[in-house]
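Residue numbers (our numbering): 6 to 158.
Think of the CB as a built atom: it goes at the ideal place given N, C-alpha and C, for glycine as much as any other residue.
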């Protein structure tokens, strides 16, 4: 009968940590994609608004409208700069999450390898034990057969 692997709780824990790191990495990747989409939206909005401004300047624009446009563009540029920081933070978080995931995968594989070696050794020991029992049985059978042959002679 094979012995239990004494480090099995650590194997299970390594798998749980890997699962958690995988989920976290997925969430971080999703957050990064959302941040990039918001930045793209802001940049597209700025581009569209800039085009409208060029059209308005060609047809004539009052001083208050020009001032309002400039203020709006400043706020829009600030929002873009802020969103770029969010994107950079999300990128850094994804990098850290990827490193964490790789670390948990490495640990999990190490524990899995130890467990596999344990079970392979246990199989070898069990096979040796079965072979020993088989040899003993064969030996007894041969001894009985020899004794039976002597008594007949």
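Pair within 8 Å by beta-carbon distance, residue i and residue j
i	j	result
residue 8	residue 127	yes
residue 116	residue 19	yes
residue 110	residue 17	no
residue 81	residue 54	yes
residue 51	residue 85	yes
residue 92	residue 44	yes
residue 10	residue 123	yes
For residue j and residue i, believed in contact at Cβ under 8 Å, the rounded distance
i	j	result
residue 98	residue 33	5 Å
residue 40	residue 95	4 Å
residue 47	residue 119	Residue 47 to residue 119, Cβ: 51 Å. No contact.
Terminal residues of the alpha helix (DSSP H) in which residue i lies
i	result
residue 46	13-64
Cut-off 8 Å between Cβ atoms - residues of its own chain near residue i, not counting five sequence neighbours on either side
i	result
residue 102	26, 29, 30, 33, 34
Candidates the options, of which the one nearest residue i by Cα
i	options	result
residue 37	77, 100, 155, 61	100
Neighbourhood of residue i by C-beta distance below 7 Å, restricted to the same chain and skipping five residues each side
i	result
residue 89	44
Beta-carbon contacts of residue i that lie in its chain and below 6 Å, excluding the five residues immediately before and after
i	result
residue 74	58
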